[in-house]
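Participant: Sharing a structure here in structure tokens format.
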């Protein structure tokens with residue numbers, strides 16, 4: 001990887017850079033705004049927005065003599081933007097480049113001369129390509145969780161790359177259509193049997209983490225919004241967007257969005273699409289208390305002057321106290337002595353401090369102040385954690401706080417209380433003791449009452465019988481088919497004896513334990529692991545004998561447990577972990 005150093009400046013619109021040699025930069029309009037820009041040449045792909053072409057070819061020629069860098073004319077594309085036809089014709093005759101009229105291709109994206117065509121050139125084909133790819137997989141047998149993982153591993157990265165490379169406003173029907181394409185493949189082009197809220201919940205929340213493309217789009221946009229709080233000079237695109245915004249609205253800058261009002265859509269017509277997309281996403285996400293709280297650490301301190309009459313904060317701002325978060329530490333609102341020690345405030349500022357403290361006390365804001373994870377990301381210039389994933393989880397959290405309907409139904413059937421935390425822990429329990437996806441799928445289907453019992457089938461088809469197909473004497477509800485049926489009772493009783501024979505553990509004969517894994521006896525980890533694997537094998541085999549009067553034998557269960565343990569040994573060996 002080599003580095004080419006040149007001089008550049010922003011044009012008045014903030015959207016063009018000038019590539020000139022150091023001696024040729026003599027523009028009187030923006031000479032104070034000139035700066036040295038380093039262009040990193042990686043994989044021989046470089047995108048330049050230029051006004052002076054001759055100087056560039058000279059510079060690249062000199063650079064090539066020293067570094068053996070050669071410009072591939074045949075593969076070099078040129079796109080004239082807002083140029084007179086006479087000038088374009090002259091350039092075409094002078095330079096034998098691959099001239100384009102509407103768009104050029106750069107790293108998988110179409111860069112158009114007209115920004116309004118970015119959607120048509122990039123995101124409309126994304127819908128077609130995604131649908132075509134998933135249609136080719138339709139005839140291949142893939143399990144339910146396998147289809148979900150295929151979407152997450154092979155399709156989602158393509159979508160997220162487009163969102164991040166081209167952060168432009170997108171219409172809601174686009175997201176609905178793209179989400180529908182993904183959902184059709186996940187459900188194998190059949191009717192969905194679970195709500196999207198359950199499917200898209202994270203695995204920590206007893207969900208399957210199916211991608212929500214609209215939420216991912218907003219998370220990516222808000223992740224870039226966090227960069228607006230970086231110091232000047234850290235990222236050039238941040239400086240450009242701040243400069244453009246100030247030119248348009250005369251505001252203090254984009255980092256003060258926490259106190260901004262909502263701009264009308266017509267007021268944003270002259271802004272670049274990237275700023276418009278970010279502001280629109282922020283207006284939607286701002287009420288979400290998982291992202292920001294009323295007393296936000298990033299609120300500029302000078303805003304207090306609008307609420308406290310004749311409040312002079314000039315000295316405070318000069319000493320580096322610029323945000324509300326500067327007034328707090330882990331114990332709460334800072335004392336005046338701590339502020340003096342940290343920022344060097346003068347004693348005469350005590351009256352100003354007391355006025356600020358009185359205002360905060362009136363609003364009950366003197367206690368411990370804990371910023372949200374999103375605010376922490378905006379506060380910290382270098383945030384090590386993955387921003388998009390964090391924001392995506394925060395945006396989804398408010399959708400899954402209430403108890404799932406399946407949890408309420410299990411509470412009614414088992415006549416025991418079940419909290420949301422217990423529900424989530426039961427789902428995670430399987431992944432701790434078994435790495436097989438079919439066991440994760442089995443646990444999910446039982447917890448969310450996936451299986452079509454006779455009682456459920458009759459509600460859809462009134463002419464069918466609702467009697468259990470094993471005993472033919474009682475209504476085949478979920479609890480009856482899996483537990484209360486006399487044949488199922490004999491089956492689980494044999495499982496209980498089998499567990500006692502191998503571990504010496506006398507397990508309570510309760511459906512909550514055998515069906516959901518609730519109330520596992522306190523034993524050592526090895527015994528607990530074997531017990532859970534035996535229960536998984538028992539449930540798995542019982543599901544295979546669905547709609548049959550016969551039930552699995554103990555010999556089959558023993559073989560299934562051995563198969564599970566063999567799989568776990570192989571997995572641990574590949575991961576270089578102890579079994």
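In full-length UniProt numbering, the protein residues as written are 1 to 579. Ideal placement from N, C-alpha and C gives every residue a C-beta, glycine not left out.
1. Starting from the C-beta of residue 166, find all residues in its chain whose C-beta is less than 7 Å away, skip the five residues before and the five after it, and write them out in chain order.
2. Can at least three beta-carbon pairs, one atom from the region 239 to 252 and one from the region 172 to 192, be found at a separation below 8 Å?
3. Classify residue 444 as buried or exposed, calling it buried when 16 or more other Cβ atoms lie within 10 Å of its own Cβ.
4. So, are the CB atoms of residue 76 and residue 97 less than 7 Å apart?
5. Hey, would you say residue 323 sits closer than 7 Å to residue 301, going by beta carbons?
6. Could you round the C-beta distance between residue 495 and residue 523 to whole angstroms and report it? I think they count as a contact, below 8 Å.
7. Considering just the uninterrupted stretch of the beta strand (DSSP E) at residue 277, what are its terminal residues?
8. Can you tell me the Cα-Cα spacing of residue 184 and residue 151, whole angstroms?
9. On the DSSP letters alone, give me the boundaries of the alpha helix (DSSP H) that residue 159 sits inside.
10. Would you identify the three-state DSSP class for residue 299, choosing helix, strand or coil?
11. So, with DSSP's three-state summary, where would you put residue 333?
12. Helix or strand or just coil, what does DSSP make of residue 588?
13. For residue 111, does the count of other Cβ atoms within 10 angstroms reach 16, so buried, or fall short, so exposed?
14. Spatial neighbours of residue 26 within its chain, please: CB distance less than 8 Å, with the 5 preceding and 5 following residues excluded, ordered by chain position.
15. Return the CA-CA distance between residue 454 and residue 536, expressed in angstroms with no decimal places.
16. What's the gap between the Cα of residue 572 and the Cα of residue 578?
17. Beta-carbon within less than 7 Å of residue 221's beta-carbon, same chain only, minus the 5 sequence neighbours each way: which residues are those?
18. What distance in whole Å lies between the Cβ atoms of residue 557 and residue 538, which are believed to be in contact at a cut-off of 8 Å?
19. On the DSSP bridge list, what partners appear for residue 111?
20. Looking at C-alpha atoms only, which residue of 126, 192, 273 is the closest neighbour of residue 213?
21. When you compare only the Cα positions, how much space is there between residue 390 and residue 373?
22. Using alpha carbons as the reference points, say which of 418, 448, 541 lies closest to residue 194.
23. Would you mind reading off the limits of the alpha helix (DSSP H) that contains residue 149?
24. Would you kindly check if the distance between the Cβ of residue 437 and the Cβ of residue 145 is under 7 Å?
25. By DSSP, does residue 190 sit in helix, in strand, or in coil?
26. In whole angstroms, give me the CA-to-CA distance for residue 561 and residue 442.
27. Starting from the Cα of residue 487, find the closest Cα among 456, 470, 161, 271 and give me that residue.
28. I'd like to know whether the C-beta atoms of residue 275 and residue 210 end up nearer to each other than 7 Å.
29. Among 115, 297, 186, 531, which one has its Cα closest to the Cα of residue 155?
30. Since residue 395 contacts residue 491 with CB under 8 Å, what's their CB separation in whole angstroms?
31. Assign residue 328 to one of three DSSP states: helix, strand, or coil.
32. Using CA atoms only, rank isn't needed, just tell me which of 397, 68, 67, 95 is closest to residue 79.
33. With distance defined between alpha-carbon atoms, name the residue in 498, 532, 574, 468 nearest to residue 548.
34. Which word fits residue 546, buried or exposed, when buried means at least 16 other C-beta atoms lie within 10 angstroms of its C-beta?
Facilitator: According to the structure shown:
1. If you ignore the 5 residues before and after residue 166, its C-beta comes within less than 7 Å of the C-beta of 109, 118, 122, all in its own chain and listed in chain order.
2. no
3. buried
4. The answer is yes: Cβ separation under 7 Å.
5. yes
6. Going by Cβ atoms, the distance from residue 495 to residue 523 rounds to 17 Å, so no, they are not a contact pair.
7. Not the beta strand (DSSP E): residue 277 falls in the alpha helix (DSSP H), residues 273 to 285.
8. Computed Cα separation, rounded: 11 Å.
9. 156 to 165
10. coil
11. strand
12. Because the chain here runs from 1 to 579, residue 588 falls outside it and cannot be looked at.
13. buried
14. Interpretation of residue 26 is limited by its pLDDT of 37, a score under 50 that renders its predicted location unreliable; the figure taken from the coordinates is listed afterwards. There are no such residues.
15. 23 Å
16. If I take the Cα positions, the gap works out to 6 Å.
17. 167, 277, 278, 281
18. 6 Å
19. 104
20. Taking only the C-alpha atoms, the option nearest residue 213 is 126.
21. 8 Å
22. 448
23. 144 to 150
24. yes
25. coil
26. 15 Å
27. The candidate whose alpha carbon is nearest that of residue 487 is 470.
28. no
29. 186
30. That pair is no contact at about 44 Å.
31. strand
32. 95
33. Nearest C-alpha to residue 548: 468.
34. exposed
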